[in-house]
Amino acid sequence: MPVTLVDLNELRSAVRDLCSRFPSAYWQENDRKDDYPKGFVDALTEAGYLAALIPEEYGGAGLGITEASVILEEINRSGGNSGACHAQMYIMGTLLRHGSEEQKRRYLPKIASGELRLQTFAVTEPTTGSDTTKLKTTAVRKGDSYVINGQKVFISRVQQSDLMMLLARTTPIEQVEKKSQGLSAFLVDLRQAIGHGLVVRPIETMMNHHTNELFFDDLQIPADCLIGEEGHGFRYILDGMNAERILIAAECIGDGYWFVDRANSYAKERIVFDRPIGKNQGVAFPIAHAYVRVRAADLMRYDAAAKFSGGVACGAEANMAKLLAADASWEAANVAIQTYGGFGFAVEYDIERKFREARLQQVAPVSTNMILSYVAQHVLGLPRSF
Ligand SMILES: Cc1cc2nc3c(=O)[nH]c(=O)nc-3n(C[C@H](O)[C@H](O)[C@H](O)COP(=O)(O)OP(=O)(O)OC[C@H]3O[C@@H](n4cnc5c(N)ncnc54)[C@H](O)[C@@H]3O)c2cc1C
C-alpha cells in the first residue's frame with residue numbers, strides 16, 4: 001500500500017523527539033571543535049533510523065524511500081546535519097541489490113545493529129572529478145586477492161566507518177567498448193586496509209565535514225570483496241544514485257524549512273524603525289519566495305519517492321528534486337542571513353553554520369551542472385555535450 005503523508009506524521013514526531021535531545025549548543029560545539037557528532041549518530045542507530053532501508057529479514061526496519069527521506073529531512077529541519085550519517089542509507093543499497101546472499105548475511109544485520117558502520121563511499125578522484133568513468137584507481141586480480149593502486153579525494157567519514165564502498169577500474173579503459181565498462185565495486189574493510197596499503201589524509205573544509213584524501217599503494221584485499229560481477233560496478237553505483245538524489249533533496253528541504261522558519265520568526269520579533277522588520281515587503285517577500293520554492297521542491301521529492309517505491313523509472317524526478325531542493329535551501333539560507341542582519345553572522349544563532357552547510361549541496365554529491373546536463377540530454381533529448 002502506498003505510504004500517505006498522514007502515515008508519516010508519527011515517524012516525523014518520533015525523529016523530532018530524538019533530535020530535540022541534541023539542541024543547537026550540541027551542533028555548535030561539534031562545529032567549533034570539528035568533532036564528529038557521535039552521540040547523535042549512536043542515538044539514531046540505536047533507534048533503528050539508519051537501518052530504515054535495510055529489509056526486516058536482515059535486521060533493518062524495511063521502510064521505503066519516502067520514510068527514509070523524512071528521517072533525514074527532520075534531522076536537518078531540527079537544526080542538525082544529516083551529512084554526518086546519511087551515506088549509510090544509500091551505500092547499503094548497492095550491497096543489498098548487487099551483493100551475494102553470503103555478503104548480505106555477513107554484513108547487513110551488523111550494519112543494521114550498528115556493530116559495523118558502512119558510511120564511506122570512494123568514487124571521486126583528484127585528476128578526473130565529475131568525469132567518473134575516467135577514474136584511474138586500479139584493482140588488479142592476483143590469485144585470491146585484488147591489488148589496489150591509485151588516489152581518491154573528498155572521501156568522507158573514513159575515520160567513522162568500518163567498511164568502504166570503492167569504485168576502481170579492473171579493465172583498462174582502452175580495452176572496453178564503452179568507458180562505463182570495466183569498473184568494479186568493492187566492499188573494503190577499512191580496519192584491515194588502513195596502514196597496510198591505504199593512507200588517509202584529512203582535508204579541512206569550510207564546514208564540519210569529515211572528508212579525506214586516500215592513497216592506495218598495493219593495498220591487497222580478498223577477492224570476495226567484489227560486489228556482483230567484475231566490470232559492472234559503474235552500473236551498480238548508478239543504480240543507487242536515484243535513492244541518493246531523493247535523500248539529499250529531503251535534507252535540503254529540511255534545511256529550507258529551517259531557514260524559512262527562523263527568518264519568519266525573526267522578521268516578526270525584530271523591531272527596527274518602531275515596527276517588526278517583516279512589515280517591510282522588502283523583508284517579507286524574499287521569505288515568502290523562499291517558502292514557495294521549498295514547497296515546490298518538496299512536492300517533486302514526494303513525486304520522485306513515490307515513483308522510486310513503485311519501481312517506476314524516476315531518474316528525471318530524482319535529479320530534478322535534488323536540483324530544486326538544493327537551490328531552494330540555498331535561496332532560503334541567503335534570505336535567512338539577510339533577515340537576521342548582523343546577527344546572522346553570530347555563531348550563537350546557528351544561521352551562519354547552516355548557511356555554510358547548505359552551500360555544499362550545489363556541488364556534492366553531484367553538482368548542479370551535472371544534473372542540468374542529465375535533464376538536457378536524457379529528458380529533453382538535447383545533444384550530448386561530453
Ligand atoms: C565536503 C565534500 C564531501 C564529499 N564527499 C564525497 C564522498 O564521500 N565520496 C566521493 O566519492 N566524493 C565526495 N565528494 C566529491 C564530490 O562528489 C565532488 O566534489 C563533485 O562530484 C564534483 O567533482 P569535483 O570536485 O572534482 O569538480 P570538477 O569535476 O572538477 O568540476 C568543477 C566544476 O566544473 C563543473 N563542470 C565540470 N565539467 C563540466 C561540464 N562538462 N559541464 C558543465 N559543468 C562542468 C562542475 O559542475 C563543477 O562546478 C565530496 C565533496 C565535498 C566538497
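Heads up, the sequence shown is in this note's numbering, so the first residue is 1 and it goes up one at a time.
Think of the CB as a built atom: it goes at the ideal place given N, C-alpha and C, for glycine as much as any other residue.
Here the structure is a predicted model, which means the values were calculated and not measured.
Paired residues, beta bridge with residue i - DSSP
i: leucine 214; result: Lys152 and Val200
i: lysine 142; result: Ser145
i: phenylalanine 121; result: Met165
i: glutamine 192; result: DSSP output for glutamine 192 lists no bridge partner at all.
i: histidine 232; result: Leu183
i: isoleucine 271; result: Pro276
Contact belief for residue i with residue j at Cβ below 8 Å, rounded distance in angstroms
i: tyrosine 58; j: alanine 112; result: 6 Å
i: glycine 114; j: glutamate 177; result: Rounded, the Cβ-Cβ distance is 43 Å, inconsistent with contact.
i: alanine 339; j: valine 283; result: For clarity, residue 339 is threonine in the given sequence; the question names alanine instead. Correct: roughly 6 Å between the Cβ atoms.
i: glutamine 160; j: arginine 117; result: 6 Å
i: glutamine 119; j: leucine 187; result: So it is not a contact: roughly 13 Å between Cβ atoms.
i: isoleucine 248; j: glutamine 362; result: 11 Å between Cβ atoms; not a contact.
i: arginine 392; j: alanine 325; result: With the chain covering only 1 through 386, there is no way to say anything about residue 392.
i: alanine 193; j: leucine 219; result: 6 Å
i: alanine 68; j: leucine 44; result: Rounded, the Cβ-Cβ distance is 12 Å, inconsistent with contact.
i: serine 329; j: aspartate 255; result: 4 Å
i: glycine 150; j: threonine 138; result: 6 Å
Three-state class that DSSP yields for residue i in the structure shown
i: arginine 359; result: helix
i: methionine 165; result: strand
i: alanine 185; result: strand
i: proline 276; result: strand
i: alanine 249; result: helix
i: histidine 209; result: coil
i: leucine 226; result: strand
i: leucine 11; result: helix
i: glutamine 387; result: Outside the displayed span of the chain (1 to 386) sits residue 387, for which this structure offers no information.
i: isoleucine 54; result: coil
i: aspartate 350; result: coil
i: alanine 405; result: With the chain running from 1 to 386 in the structure shown, residue 405 is simply not present.
i: threonine 137; result: coil
i: threonine 127; result: coil
i: leucine 116; result: coil
i: glutamine 88; result: helix
i: arginine 106; result: helix
i: cysteine 19; result: helix
i: glutamate 101; result: helix
i: aspartate 35; result: coil
i: lysine 178; result: coil
i: proline 172; result: coil
i: valine 158; result: coil
i: valine 294; result: helix
i: asparagine 393; result: This structure cannot speak to residue 393, because the chain is shown only from 1 to 386.
i: glycine 282; result: helix
i: tyrosine 340; result: coil
i: valine 260; result: helix
i: valine 312; result: coil
i: phenylalanine 386; result: coil
Environment of residue i [buried if 16+ CB atoms lie within 10 Å]
i: histidine 98; result: buried
i: isoleucine 271; result: exposed
i: leucine 127; result: The sequence shown places threonine at residue 127, rather than the leucine named in the question. It counts as exposed.
i: serine 265; result: exposed
i: methionine 206; result: exposed
i: phenylalanine 273; result: exposed
i: proline 365; result: buried
i: phenylalanine 234; result: buried
i: lysine 152; result: buried
i: asparagine 208; result: buried
i: phenylalanine 22; result: buried
i: leucine 198; result: buried
i: alanine 350; result: Correcting the residue identity first, residue 350 is aspartate in this sequence and not alanine. By the neighbour-count rule (16 or more Cβ atoms within 10 Å), aspartate 350 is buried.
i: phenylalanine 305; result: This sequence places alanine at residue 305; phenylalanine is not what is there. By the neighbour-count rule (16 or more Cβ atoms within 10 Å), alanine 305 is buried.
i: asparagine 30; result: buried
i: phenylalanine 216; result: buried
i: glutamine 281; result: exposed
i: aspartate 17; result: exposed
i: phenylalanine 308; result: buried
i: aspartate 239; result: exposed
i: serine 20; result: exposed
i: aspartate 298; result: buried
i: glutamine 88; result: buried
i: valine 203; result: In the sequence on display, residue 203 carries isoleucine and not valine. It counts as exposed.
Chain C within 8 Å of residue i, Cβ atoms only
i: isoleucine 248; result: Included in the structure is just one protein chain, with no chain C present.
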